[in-house]
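Enquirer:
Protein chains in written order, with the numbering used here: chain A, 3 to 309; chain B, 3 to 309.
Below you can see the structure in the form of structure tokens.
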């Protein structure tokens, strides 16, 4: 019985990341109850409301505990995504490490050796891609719920994003599971050879200060439990504390048999609107007060393994 | 050099939880630079801007990996806090387990045996304490930054809280590290024998739906890395996956020598205002765009060990 309390959240087990909803609460398909749960909506969704991952934008990071799958977002960081593909294809990451785990913030990976860093052929610096022009960034499904950090927030093809129409800029937001590019103080010093994933409360203050290049669509539990580092910023102080990265590959470079087959709910679909509304105003016997609001980083983006 | 990227967040290593700020950005003490970091403010803070934990409201949960310290909030959940004290004092929790770890959501502890649950003398049910009257809840330092979930958010003596003046109600909010009371579908079925801590993106949709009784002020890294459960809702499926709870004690019941000596920055102090402003509008060579906003669950509440 004590297991009921957080039951309404259960459907989010499926949802690996946070997301957004369409302006108008969606009209759920007829077969759904008046206040469907996220699980109800997913079950009733149509096949064409899901999209498979593009193998050219899908990165597999193999850890001893299993596979982490990252979807790159070239629409928001074309040059950085290209450099990460180049780094992966020269097998730069193989044998490197998880080097940092700061509680309630991020887990970071790359080369721990700052004195004699591993050389690579890919670009050493990539111009900052903190924001991109709204024109050309593709579809945006705006979330009606207000946001404190940006004039508009919503969804861009499965990625949480924000927009400033006055400046004509859009950017990916630092929600749980989003992947960013470590850089030095100069804006243009990132290159993708050291990446981090958000594992704590969304550090939205980093938005527009660093290039966000994608999100983890599978395997977050492998990264989020990394023991917290005891050094400054959660960096590991001893080599043996670091988890080795077995290999990193582009899905496109693996034979079909070795590829994972995940699909993401289309964020411009009616079912996605219904998913977010199910999170915004929950039904069921447990809920006493519906929130009437959903935060950009608190709505699920359903991901599932294809049959 | 690759270690610089998230440096500005480093001061938050000290800050175990999220918090709020005063309406007016604080005027930092003279010795501070124009845009001090959180660490700068903490270093310059005065002794009387900190308060020690009250031993009667401080719970030590001893795990094999170390001590977790929970501060109870009797102003918001007097009856539940009293029942938890009673459960602790009859040593109810000793030898029970961490029973659930749902990625990006919560870690929960208590009795895993639903068929033959461990009996206890404390109350079996406590009336819901989802909200309390604003009158009598004590000081509230309002955060000027807008919030989507509540008319007002701010800080009540070190706890993140929200208020609805129209209804005359106030409640603690589900920020990272906040501790809540598991319940069944009926509102009045919680008793404190099974508790959870928020380990993921703040599930604010739970606000006003469940009794929030306190927050973890030390030891979050021991709970947040619990391997995720593979059962529904992240419950562990095998007994051997559960981490045992060595013991749970009230600080007041331990001899001085066995007590931890932590203090929390007073959330009605000028330095706390400066801490939150340092998070809202960061300075330093790394930041290119200051957020100009801080979310209730994204501002730090500094905690430190007393000298």
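For glycine and all other residues, C-beta sits at the position ideal for the given N, C-alpha and C.
1. Quick check: is the beta carbon of residue 106 of chain B nearer than 8 Å to any beta carbon in chain A?
2. Apart from the five residues on each side of it in sequence, which residues of its chain come closer than 7 Å, Cβ to Cβ, to residue 81 of chain B?
3. Skipping 5 residues on each side, what residues in its chain have a beta carbon closer than 7 Å to that of residue 53 of chain A?
4. In whole angstroms, what is the alpha-carbon distance linking residue 212 of chain B and residue 180 of chain B?
5. Which two residues bound the contiguous alpha helix (DSSP H) that contains residue 228 of chain A?
6. Using three-state DSSP, classify residue 71 of chain B as helix, strand or coil.
7. How many Å lie between residue 71 of chain A and residue 203 of chain B at the Cα?
8. Hey, out of B:298, B:273 and B:206, whose CA is closest to residue 294 of chain A's CA?
9. Near residue 88 of chain B, which residues of its chain fall below 6 Å by C-beta distance, leaving aside the five closest residues on each side in sequence?
10. So what's residue 174 of chain A in DSSP terms, helix, strand or just coil?
11. Just how far apart, CA to CA, sit residue 248 of chain A and residue 175 of chain A?
12. Would you say the segment 155-166 of chain A touches the segment 137-146 of chain A, given that touching needs at least three Cβ pairs under 8 Å?
13. Residues in the segment 284-301 of chain A with C-beta within 7 Å of chain B's C-beta atoms, listed in sequence order?
14. Reducing DSSP to helix, strand and coil, say where residue 24 of chain B ends up.
15. Could you give the distance in angstroms between the alpha-carbon of residue 38 of chain B and the alpha-carbon of residue 302 of chain B?
16. Determine the burial state of residue 280 of chain A: buried for a count of at least 16 other Cβ atoms within 10 Å of its Cβ, exposed for fewer.
17. In the DSSP assignment, what are the bridge partners of residue 222 of chain A?
18. Would you please state the rounded distance, in angstroms, between the beta carbons of residue 112 of chain A and residue 195 of chain A? I believe it to be under 8 Å.
19. With burial defined as no fewer than 16 other Cβ atoms inside 10 Å of the residue's Cβ, what is the status of residue 263 of chain B: buried or exposed?
20. Given a cut-off of 8 Å, decide if residue 172 of chain B and residue 134 of chain B are closer than it, judged by their beta-carbon atoms.
21. Look at the alpha carbon of residue 136 of chain A and the alpha carbon of residue 214 of chain A, and state the distance between them as a whole number of angstroms.
22. Would a C-beta distance cut-off of 8 Å place residue 197 of chain A and residue 189 of chain A closer than the cut-off?
23. With distances taken between CB atoms, is the gap from residue 150 of chain B to residue 148 of chain A smaller than 8 Å?
24. Going by Cα to Cα distance, which pick from B:237, B:64 and B:47 is closest to residue 251 of chain B?
25. Measure the beta-carbon distance from residue 109 of chain B to residue 102 of chain B and round it to whole angstroms, keeping in mind my assumption that it falls under 8 Å.
26. Starting from residue 280 of chain B, trace the alpha helix (DSSP H) both ways and give me its first and last residue.
27. Alpha carbons only, please: which of A:245, A:163, A:289 and A:42 is nearest the one belonging to residue 210 of chain A?
28. Straight-line CA distance for residue 199 of chain A to residue 259 of chain A?
29. Establish whether the CB of residue 151 of chain A and some CB of chain B are separated by less than 8 Å.
30. Just to make sure I have the definition right: I need the residues of chain B whose C-beta is within less than 9 Å of the C-beta of residue 227 of chain A. Which are they?
31. Taking a Cβ distance cut-off of 8 Å, strictly less, list which residues of the segment 141-165 of chain B are near chain A, in chain order.
32. Buried or exposed: residue 49 of chain B, going by 16 or more other Cβ atoms within 10 Å of its Cβ?
33. Rounded to a whole number of angstroms, what is the C-alpha to C-alpha distance between residue 306 of chain B and residue 277 of chain B?
34. List the residues of chain A whose Cβ lies closer than 7 Å to the Cβ of residue 178 of chain B, in chain order.
35. Taking CB distances under 8 Å as the criterion, tell me whether residue 187 of chain A reaches chain B.
36. Which residues of the segment 243-275 of chain B have a Cβ closer than 9 Å to any Cβ of chain A? Give them in chain order.
Expert: Put simply:
1. yes
2. 128, 129 and 131
3. Once the five neighbours on either side are set aside, the close Cβ partners of residue 53 of chain A are 265, 266 and 268.
4. Distance between residue 212 of chain B and residue 180 of chain B, taken at the CA atoms: about 12 Å.
5. Residue 228 of chain A -> no alpha helix (DSSP H), and no H or E assigned at all.
6. Three-state DSSP puts residue 71 of chain B in a strand.
7. 20 Å
8. B:206
9. 124
10. strand
11. 29 Å
12. yes
13. So the list reads 284, 287, 288, 289, 290, 291, 293, 295, 297, 299 and 300, given in the order they occur along the chain.
14. In this prediction, residue 24 of chain B has a pLDDT of 31, which is less than 50 and means its spatial position is unreliable; nothing more can be read from the coordinates.
15. Cα-Cα distance, rounded: 14 Å.
16. buried
17. Its beta-bridge partners do not exist; DSSP assigns none.
18. 6 Å
19. exposed
20. yes
21. 16 Å
22. no
23. yes
24. B:64
25. 7 Å
26. 272-282
27. Measuring C-alpha to C-alpha distances from residue 210 of chain A to each of A:245, A:163, A:289 and A:42 identifies A:163 as the nearest.
28. 27 Å
29. yes
30. 103, 105, 226, 227, 228, 229 and 230
31. If the cut-off is 8 Å between Cβ atoms, the segment 141-165 of chain B has 147, 148, 149, 150 and 151 near chain A.
32. exposed
33. 14 Å
34. 106, 202 and 203
35. Chain B, which has a Cβ nearer than 8 Å to the Cβ of residue 187 of chain A, makes this yes.
36. none
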